[in-house]
Each structure stands twice: as structure tokens, then as C-alpha cells.
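There are 4 protein chains.
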Amino acid sequence: MHAVPARTNARVDFYERIGHHDLAPLWDVLRGLVTPEPVTPVVPHLWRYADIRPFILEAGELITAKEAERRVLILENPGLKGKSAITRTLYAGLQLILPGEVAPAHRHTQSALRFVVEGSGAFTAVDGERTVMRPGDFVITPSWTYHDHGNDSDRPMVWLDGLDIPLVQALDVSFAEGYPADQHPVTRAPGDSLARFGSGMVPLDAEPARKTSPVFNYPYARSRDALAALHKGPIDPHRGLALKYVHPHTGDWAMPTIGTFLTLLPTGFVTAPYRSTDATVYAVVEGTGVSTIGGQPFAWGPQDIFVVPSWVDVVHHASDEAVLFGFSDRPVQEALGLWRERRGAA
Amino acid sequence: MHAVPARTNARVDFYERIGHHDLAPLWDVLRGLVTPEPVTPVVPHLWRYADIRPFILEAGELITAKEAERRVLILENPGLKGKSAITRTLYAGLQLILPGEVAPAHRHTQSALRFVVEGSGAFTAVDGERTVMRPGDFVITPSWTYHDHGNDSDRPMVWLDGLDIPLVQALDVSFAEGYPADQHPVTRAPGDSLARFGSGMVPLDAEPARKTSPVFNYPYARSRDALAALHKGPIDPHRGLALKYVHPHTGDWAMPTIGTFLTLLPTGFVTAPYRSTDATVYAVVEGTGVSTIGGQPFAWGPQDIFVVPSWVDVVHHASDEAVLFGFSDRPVQEALGLWRERRGAA
Amino acid sequence: MHAVPARTNARVDFYERIGHHDLAPLWDVLRGLVTPEPVTPVVPHLWRYADIRPFILEAGELITAKEAERRVLILENPGLKGKSAITRTLYAGLQLILPGEVAPAHRHTQSALRFVVEGSGAFTAVDGERTVMRPGDFVITPSWTYHDHGNDSDRPMVWLDGLDIPLVQALDVSFAEGYPADQHPVTRAPGDSLARFGSGMVPLDAEPARKTSPVFNYPYARSRDALAALHKGPIDPHRGLALKYVHPHTGDWAMPTIGTFLTLLPTGFVTAPYRSTDATVYAVVEGTGVSTIGGQPFAWGPQDIFVVPSWVDVVHHASDEAVLFGFSDRPVQEALGLWRERRGAA
Amino acid sequence: MHAVPARTNARVDFYERIGHHDLAPLWDVLRGLVTPEPVTPVVPHLWRYADIRPFILEAGELITAKEAERRVLILENPGLKGKSAITRTLYAGLQLILPGEVAPAHRHTQSALRFVVEGSGAFTAVDGERTVMRPGDFVITPSWTYHDHGNDSDRPMVWLDGLDIPLVQALDVSFAEGYPADQHPVTRAPGDSLARFGSGMVPLDAEPARKTSPVFNYPYARSRDALAALHKGPIDPHRGLALKYVHPHTGDWAMPTIGTFLTLLPTGFVTAPYRSTDATVYAVVEGTGVSTIGGQPFAWGPQDIFVVPSWVDVVHHASDEAVLFGFSDRPVQEALGLWRERRGAA
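Right, dumping it as C-alpha cells:
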């Protein structure tokens, strides 16, 4: 499109006058609103777990889980300072639960995912079912379901939280409420949701589906085995071996606002350049490597977390066999017909 | 509705005359066409495996798998003599493959399911993937996919075939063709489809779904574990613990024309009366019991097969913990908005 | 596939013995069950309205609409004698309502369409709304809705009925019941359903859709205008200008079991050979022409009705601008993934 | 939820230190992020057309349509100064085209609607079809389709533009490009899309649907007639008689990101209190009245435009029969399972 029309005196005077009537000239701002390609404040960034772990533990001394309600250090994108966001639509943080602690029950319209980074054996209770969390497990808290967390193990536990907080904010649809007690009553056996919906089967007369998967925990043991089995077959040059978590009732993404997937990169594998419009957060589960994002290299190992902005080329190089967990707002973009990708250099 | 109008002489004469013009009076047949409730020729029936097994083995001496193309004894409903059907829309048979034999590759619009009854280790090859079949496994041959069967084990193998042959016939849509060789080339590792689609995940950039599940084998080990886990929770008084097999891309039935499910009945459990419009074939996997169908009792044990007609009350009584595999045309009736059930006596 | 295996004495003896156990050899019947292409008893046929109109009027003297419940002459396919069917899954008939008569209220699982052939001004009442029927109007009676017909005009009225009777029979799902009175109460204004759903809009907070369109009458005036407007654009060489009636809530076929469409053929237009698996009934609305079905020519004019079997080539030649209404079970075949077409000669 | 934890010196020091590592304490901001109810900067506001019309015409003297690319005065929400937005996700503006002018062809991922406010006879060309715009017509420019505007009439024309610019910005998915010429070639007759998809019918072998309706113009004449016909029936006490524009292929909203509807309020009608999470823009087509939004009254007449924020009660009072056109991001919220409404006071 063309250049911004000249700001003549007559025009500037006009802009000033109409401003008092809550009007503004589109032609003066059009090129910043409707850009030829995405123009984002989000920057690539990596948080080394070794660097930030001391702060997480220090937080454990500064405040209790109960006082904090959720004791989380937000991973704030350097391009979005003060906005509590890792991308334009997503929030990410690292949550600490110490042995014996409880993060009290509440619910909100924001959807949440948990991905265990350190420790094992704490639980998340959702909809009356407690699920024990182990490293690599992908755990879901659907929108508007009561949930609380606890740690009955004898070691601190840390997990990655991913939520759609900025998106819900942009839509002006935040609702939240606490639960009268710290913990919501347990009404179902652990593993019930996985047994009911996680074996390629669902109850014969299943109730109508909600938009979030009824499976609360996709165990890493099973996901990892699937990746290993696929390792015998062909591999996508741009994305590696990648499986997305799906809703057993619909085959759609497991969550309506956050798309989640697990990727295996074989030892020595280098992906071909790839970009897409969904800014993506990666958590390293296994292996080491280097991801070059918009030309800038980021070396990573287990427990590290990094973010790739919208429409920036990324190349992953795995030094040894690596597994990455990723999440983005791709389901939102797909639902609205707006998602794009580009495979290979321009 | 009312009675059939009197067949006066004038009318009978009229019926005769218009018959020559390919016309017929609706009012003379209306009550037989549009009935207050389903009126079916299908009758309840049970095939005891012990009774028919000798015939199956005898067939193995009379004809080879290759000459027969498929060496199957059809389970023909006594109410549908000569129609090669177990219900109005479904066909069922028992197929025998002897060690070293091959049932040659072909494809057809008819969809098929296999449910292993005796033996272990034979394979079905579908779409270039060989899947080894074990007792209780539910195996799918989707419409219009090349498939062949073989037996590399050292024992005979028998499985239940379920196909939508009468339905395809009623729709006049049968297509079939042989493959130039006995076996279709193997292009994918065994277990590939299960790894790719069977862990609550699907490939990140999965191709558009076809109407039949891409998982060719739902292993019994996994299904049975799921039933055992659910056994801790509530149980449907009319149907027991029942899980249906689903398509991982859509959450719908695994096959578009045949609905399949697995039911656990605890020891001593007696279901409350139940009827539905989808005539259902049951294969007993574990346990013994008695099913009363339309007032008529049928005692069953492992490997037996029985059929419940449309809109006839059924009550199952499990003497010891039982697992039944069932299939019917419920997906068809649901897709067309025609399926009904009644829970409890009239 | 191969030939039928030889019926040796040993085999015939075996077939006889297993027959007593409700078993039959698949290999002896396989080639008749799973055919390379559809093998149908349905034959092409045309009913000239001029020939059968006298019989329709004679029926008006032999029986009242009330005694008959529905005074209809069935158009019985010559290949399906005694089966009350025009194709394997569909029923068609011509219904007569004389001035002042009522066809009493009832409901059934079978879905019905009405397409007015002669007369104007009678009504069909569905779900409490009376819709006045004019030539070329496409009127729907959804499954399990009370409906009655009446004729407040001063002339006989004849319309084509299309129902899924044979399909419902094949699925064993027929339910029906009468209404205590001749007419169901009228609760909505005429045209209400068309206003509510027929203008590219639906009520803001519309209830969940049922599988049949909530529009009961698609008026010919509007459909004909649409065809005329399209006449300026390109035309499908195999099918002419064809629009299908759709469900405003889903964009799917207007009825779940019967697909309906309207085709315009310009003066002198000859379609290229075409075949599909859905046997199709055509009613001529305007114009004259000749359709060659499986090599056999059928000349037609307004009010005539003809049927094209599954998988038989058809070529239409319009002598002057013609409009044909068509219906088939294509929605069923599509829902099950079984529908096929072939454009052009083999 | 609880209060914000005390900002002790130790904590503030900690917050400062972790800030250097792109970390932030969730507990310090949680209550502002996850609010009990939507907390929005958007305020209710009304633009009187009589007040702003002179500025629109003055813009016509200050800049040409071609230099401006689009000569539009943005309706900027007083709570979102400098953000070119009328709600958090939507943009609205009034566009002027003078006789003989052209707004040159371009395309962008942002979807647009046009709703004619003054004048008649200008055209919008979309996908090679020119549609003439009349007052009350609802016209669509789907995402990523080339479009240009022109005015062959002899009078200025003004219409309301509604776009999803802020939403596309929040998702970082803006793409745009100009067309080499001022106008995209015309390849289809005017009215083609309406004829093809707007009569309760769609082409028999219609291509797969895109997410935006293939109908580019929903004419007011037809929509108004539908409202008039419904006027005989019951009326929603909270919303009046309201019809939403739908996609003929899917029955879904006509656009994936912007929901549009038309409401009739009878003379003297006062709606019961209503609120929903989708902030809504209203354009008055006919009639006068007062809308009380969050307790604040706004008097309106034809051509006026006003906005209702998320989760604020609104009551409409029509002095005489009124028709309002409305649009919001409800399709987005529904697709994500986030939309809520409340009928009646708290």
C-alpha cells in the first residue's frame, strides 16, 4: 500500500477538531494498523532453568502458596514489560509448591495447562479428580472448573503454567471466583478421566462434549512411547516428529484457546526454516540443542524455556535426541481462519 | 392408525387395472409400511462356539483360503434365510486362516471389522501396515482399502467378521476389485497407526480425516485395562460399563456404518430391561451368563455369539465377570436422526 | 475377484449340514454380495402424467381421503413389484386431495417431501404451521412431526410424495402414531418458518438444530428466480444449472435421508454422460425433452415423473428450457462415505 | 479471591531483582489479571450522525479517496484514545465515496463489513463481483479477498465500516497487499453470489466452504420483510425480534470474527435488562428511541451509532418502530467457549 498522506496544516487542524468528537482519520494510521506482515512487540527469548531456579526457591521463602493464592514467577517477554505476557495472547509462569502446601481452590474463565518441570508426586485436582503429576505430563485445567494443587511428596515441585490470560483480557471476558474451602471435594478415582476417555474409546452414551478435553492428564510415559514408535517412520523436515494433544470427543486440539504438542528431534537433526503466525512457547523435556530464531541462536537443555514470536523464522538443531513441549494460540487462529505458516526461506 | 380399507370388488378391480401402469394403492399397504413400532423378520439367536467350531475346521479341509478368497462361515439369522445377513443391515461370519495361508488382497466399499475369537498371531494388512491380531483385539478394514490376511503362526486362527454388506446392497453402492498380487506391499511399520493416532495425540499437521478411524487395531490389553479402571466408578444399570471405540480425529464412532463397543458386566450383575432400534451382535470375550431377549433366555460363555433384534427387550445376567464385544448399525441411525432407545419396561 | 469355487459333492453336502446350524459358506455367495459395480433390480421408468391422471381422479371416487388416511397411488418401480418402492430406499406416490377434504393428522419416523404437480391452494400443516402449496413448491414434513393436509380451494389438488419408507424399513426403525383429532392445532402464522429461517438469517438465539430444515416450504417463485439469475453464468456440462435445497442451520441437505435439488436445462442443451450411485427420481416442472437412461430414451413433458437407477449413465436433452425437480438418497450415501459419481463415459 | 499480598521491603527487593531476569511475581498482579467480572476500558458512547456528518463531508475536501486509500473517519471509543478501536477487538468508521471516486483494490487478513448509512448506488467489488449498495444492506468483504469501492451515482455515499483490526493485531496475524490496478477485474454478474447461495439453496456440487459467507450482500429489502413477517409472532423480552445473518453453507455466523444481526423493536417496546460479554456496536436504521447503557441514557435516531461495552446492562426503549443493526465479536467468544449473557437484573 501507499505512503501515509502528507500531514498538511489544514489536515492537522482537522484531525485536532474531529478528535474532540471521538473521531480520527484512518488514512493517518492505516499503515500501522493493516500491515503487510505481522509487526509484533514480542521478542525471542530463552529462560535458562539453572538461572531462574534459585529465584523460584527464594519465592518459597518469601510467601506461602496460600497467601500468594498461586506462587508463580511470570516469564515476562522482554518486549511486553509490565504486561504479564510471554506472547500477545499467552501467559507463562513457573509455579512452586512445597511439600505439604496447598494452592487453594478457585475457578476462572481462563484455561490453564501445567507441564511438570521439576519434582514428582504433587497433584492437581480438577472437577473432583486428583491427578498426580510427573515430569513431562501435560495436565489441563479447563475454563471455569474448580481446581486446587497440593504436594504430598517430600520435595518441592515446579511446573510450567500456560494460560490464555492476555487473550481473555483482550476479549473482556474474565470471570473468577474462589471456593469456600481450600480444597474442592474429591468425587472420582485418580485416573478416572484417562480410563474413561484415553484408550481410543469413550463412554457409550457420553454426554455432549465441552470444548476442552475431558482427559486431565496426558502422561509423558505414553506420549514418549508414541514418539519412539514413530521414530521408525518418515520425519517432517521443518517440524521434526510432532504430535498434538487432542480432544477425544472431537479430535480437535485438547484446549480451545491453547494448542499443545510434543516434538522429537533426532540426534544431530537440523530443521529446515519454518515460521508461522502463532507465537510459540517451548519447554525442553530431554536433550540439548540450539534454536536459531530470527537469526539469533539460543542454546538449550532440559527444563529451559524459550519463545518464538509470530512470523519469525526458526531453525532447531538437536545436539542429541531432544523432546520439546510446545504451546501457542494456533487453535484460535485456525478457528477464525487466520493461521498461516511458511515452510522454507522466503 | 386405522384399519385397512375394505377391499371391495370395485377397488380390487381398480388395483388390478392400475397395476398394469406400475401404480399401486397406498391405502391397501400403508399399515404394513408405516408401522407403529419396528416389525422385523430378525429373530434372537445364539451360536455356541463349541457347536460350530468343528464345521469351521472342516471347512479348512474342504477349501483353501485362496480358492475361497475368504474362507468364512456366515452366521445367518434364522429369520433371514438365504440372505447372508445376521440383521437387516449387517453381515457376520467366522473366518478361518490356517498356518501358512493367505487370504488374497482385494478392496471393496463394504467396511469390515475383525474380532479375534481363537488363536493368536495371524495378521491383517491394511493400507500397507500389518497388524498382528490377538484375542479381543478390534481390527478395522476401512471401506475401499486394500487388505489381505495371513497366518505366520503355527496354529489355526479364527475371527469374527462383521460387515455392512446388506446395507451396501440396500443402497446399491457395491464396488470391489482384486489386487494383482496376493499381498499388498508393506510400507509402514507394524503398530504405526496406533502410535500415530492412539495415544490421545495425532500428527501436528494431520491430513483431513476419512470417515473411518486411522487406527487399524484397538488392542484388547488396553481396552480391558480401561474397563478395569472404570470398574471403581458408577455403572449404567441398563448397559453395564460400556465404552465405544472412537475415531481419534472426530470423536465419532470408529466406523461410519458399524458402531462397536466393549461392555463389562460385574459378577452377578443383572441389567435392567433395555431396547433400542439398532439390532446388535454380541461376541463373548470373557465370563458366562444368560441374556434374556424378548423373554427367551440364551446362556453364553466365551467365544459364543448372539444377536438381539431391533426394539426387543434384553436383560443380561452375568454369572461371573463378563466382557462382551458388541456391534450394530447405530452410527447410521444416529447420522439420519432415527435411532431410539427405551430404558426400563414399557 | 475369482469365480465361484466348484460345488463338489463334498461341499454341497457340507453346505447342507451347516445350514441346519444357521451357517452358510461365504465363498459360494461372495460374488453376488460384493459386486464389482452396483447390481440393482431397479429399472429406468417414466410415468406420463396424462396416462395416470385418470386413475388418480378415479381413486377420488373410490375412496375418501379420510378413509384412505392418505389417498395416494404408489409409483412402483417395475423392477420392485410388490415392494411399494421406486428405488431401493425411496418411495414415491401421487396424492390427491379433493376440495373440502382432509387427510388426518399423524406422525411417523419416515420423512416426507411434497412437490406440487397440479392445482394450487391446498395446505400442509406441519408443527402447527399451515403452508399453502403452489405448483413447483418444495414442502417438507420432517420425521416425527404431526402433519395433516387439507384443500380449501375449489379444485382437486395432486402432488408428488417422496418418502424414505424402504430405507426406514431396511433399518427396522418405523414408528408411527395417529393424532386424536383430524387436524393438529394451528399455533403459528402461515409463512412463519420461511420468514424465520429463509432470508439468509436465523433467530439470534436459535435453538439447537434438528436434522431436517425448519423451513417447511421452499417456494418455487424464489427458486425459479435464482435459477434464472444463474442462467447468466457458467453451466455444469454434466448436470446443467443445479441448486440443492439446504438446511439454513447447517448448510447440509434440507432432509437427512432425502437429497432434493432443482435443475435448469437451457433450450437445446444436451448434458454429457453422467452416473452416480444415488438412484434419482425426477419430476418435470417446465419444458419438454428426452432423457436417455442406460441407452433407453424417455421423452418427457411437464408433470411427468421418471427414475434413474444407481450407476446407470443418463443424458438429458432439453427441447425447450426445462426445469426438473430431483430427489435421491445421496445424503445417506454421503453421510456414510459411500457416494460416487462418474462424469463422462467410462 | 483474596487481597494482594503485602508489598514488604524484602518482597519489593525480590521483585526488583527478578525483573532483571524477565520474571515477575504473579501474586502481585493476579487480581488485576483474573478479575471476578470483566473490567474494561471501553465506555458507552453514541455518535449523532447529524453532528459528525459535516466532518465527513469536510474530509471529502481535504483528501481524495485514492490518496487516502480509504477515506474513513474512525469512531474511536473515548476509553481507547489513540487505539483506533471502538471496542477491544473491533474497529468502526464512516467511509465517504464521492461521485466518480474509486477506493483502490487491496486485500488483507482483516475482515470487513459495510452497512450503508447515506446515499445509494455506490458499489463494492469483491472477488470479481460488483454489488450495488443501498441503505440497510449488509455487505461483506471476506478476509484476504481483493476489494475496491466506487461511486457511479451522482451523490456522496457514506457507509459504516466494521473490521476486526484490533483482534487481528492482538493475534499478530496482519497481512496485506495492494493490487496492481485501481480496480480488480469484474468476472461475475452483479447479484451472482446472492442468486447462487441466497435462496435457501446452494450449488449441487458446491466447493468446500470458506469461513466467511459466499453471499456478499444481504439486501435490506429482504431482511426487513422477514422482520415484518415475524412481527406477528412472539418477541424476546430482552432482545426484541432479532435475526442474525448466517453463512448458507454452515448455518454459522456470516463472518468468523464479527457477528452481525438486525433487530426490530416495536413502537413503545422497552427491553428487559440484558448484558453479554460481547461489546456491541449498533447502527440505527429506522425509528427513534433511548438506550440506557450502564444507567446512562443515549437518545438515538436514524443513522446514529452507539456502542455497548462488555458486561454492562442495556435497556432499549423504542419511541416508534425501530430497526437496529448490530455487530460484535460474539462468534469469536462462542468458538472459544467464552461467551456469556445475563438476562434480567443481577
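Chains as they are written, first to last, in the working numbering: chain A, 6 to 351; chain B, 6 to 351; chain C, 6 to 351; chain D, 6 to 351. Yeah, the Cβ is synthetic: ideal placement off N, Cα and C, and Gly gets one too.
Straight-line gap, residue i to residue j (C-alpha atoms, nearest Å)
i                : j                : result
Glu63 (chain A)  : Ile91 (chain D)  : 44 Å
Ala55 (chain A)  : Val220 (chain A) : 32 Å
Ala288 (chain B) : Ala181 (chain C) : 33 Å
Met260 (chain A) : Val163 (chain D) : 42 Å
Gly331 (chain B) : Gly24 (chain C)  : 24 Å
Gly37 (chain B)  : Ala211 (chain A) : 35 Å
Trp344 (chain C) : Val48 (chain C)  : 19 Å
Asp27 (chain B)  : Ile79 (chain C)  : 8 Å
Tyr68 (chain B)  : Ser179 (chain B) : The amino acid at residue 68 (chain B) is misidentified as Tyr; the sequence shows Ile. Distance between the alpha carbons of Ile68 (chain B) and Ser179 (chain B): 26 Å.
Pro83 (chain C)  : Gly256 (chain A) : 46 Å
Pro336 (chain B) : Leu168 (chain B) : 14 Å
Val17 (chain D)  : Glu72 (chain A)  : 16 Å
Residue i, enclosing beta strand (DSSP E) - first and last residue
i                : result
Leu101 (chain A) : 96-102
Asp153 (chain C) : 152-155
Arg280 (chain D) : 279-281
Ala304 (chain D) : 301-305
Gly294 (chain D) : 294-298
Glu123 (chain B) : 117-123
Ala181 (chain B) : 181-183
Glu346 (chain C) : 346-348
Top-ranked residue by Cα proximity to residue i, from the options
i                : options                                : result
Arg76 (chain B)  : C:Pro43, C:Pro10, C:Ala110             : C:Pro10
Ala249 (chain B) : B:Ser315, B:Phe143, B:Ala226, B:Gly294 : Per the sequence presented here, residue 249 (chain B) reads as Lys, with Ala not at that position. Measuring from the Cα of Lys249 (chain B), the nearest candidate turns out to be B:Phe143.
Val317 (chain B) : B:Gly306, B:Pro336, B:Val290, B:Val44  : B:Val44
Pro278 (chain B) : B:Gly299, B:Phe266, B:Thr293           : B:Gly299
His113 (chain B) : C:Ala186, C:Pro41, C:Gly292, C:Glu339  : C:Pro41
Gly196 (chain D) : D:Pro104, D:Arg135, D:His154           : D:Arg135
Arg58 (chain C)  : C:Leu35, C:Gly126, C:Leu165            : C:Leu165
Ala127 (chain A) : A:Glu81, A:Asn156, A:Trp149            : A:Asn156
Ser204 (chain B) : A:Pro190, A:Ala284, A:Leu235           : A:Leu235
Range of the contiguous alpha helix (DSSP H) that encloses residue i
i                : result
Arg112 (chain B) : Counting along the chain, Arg112 (chain B) falls outside any alpha helix (DSSP H), though it belongs to the beta strand (DSSP E) covering 107-113.
Val17 (chain A)  : 14-24
Glu63 (chain A)  : 54-67
Glu228 (chain B) : Inspection of the sequence shows that residue 228 (chain B) is occupied by Ser rather than by Glu. First-last of the alpha helix (DSSP H) with Ser228 (chain B): 225-235.
Val173 (chain A) : 170-175
Gly3 (chain B)   : Residue 3 (chain B) lies beyond the range of chain B shown here (6 to 351); nothing can be said about it.
Arg36 (chain B)  : 35-38
Ala73 (chain C)  : 70-73
Beta bridge counterpart(s) of residue i as assigned by DSSP
i                : result
Met162 (chain A) : A:Ile102
Glu81 (chain D)  : According to DSSP, Glu81 (chain D) bridges with nothing at all.
Met206 (chain C) : D:Tyr250
Phe311 (chain C) : C:Leu51, C:Tyr287
Ser333 (chain D) : D:Gly264, D:Thr285
Val131 (chain D) : D:Glu134, D:His152
His322 (chain A) : A:Val275, A:Val295
Phe143 (chain C) : C:Phe120, C:Tyr223
Ala90 (chain C)  : Paired residues: none, contrary to the question.
Residue-level contact to chain G via CB, residue i, 8 Å cutoff
i                : result
Met206 (chain A) : Of the protein chains in this structure, namely A, B, C and D, none is chain G.
Quick check: the stretch 139-159 of chain B against the stretch 221-237 of chain B, are there 3 or more CB pairs under 8 Å? yes
Quick one: any contact between the stretch 321-329 of chain D and the stretch 267-284 of chain D, if contact means 3 or more CB pairs under 8 Å? yes
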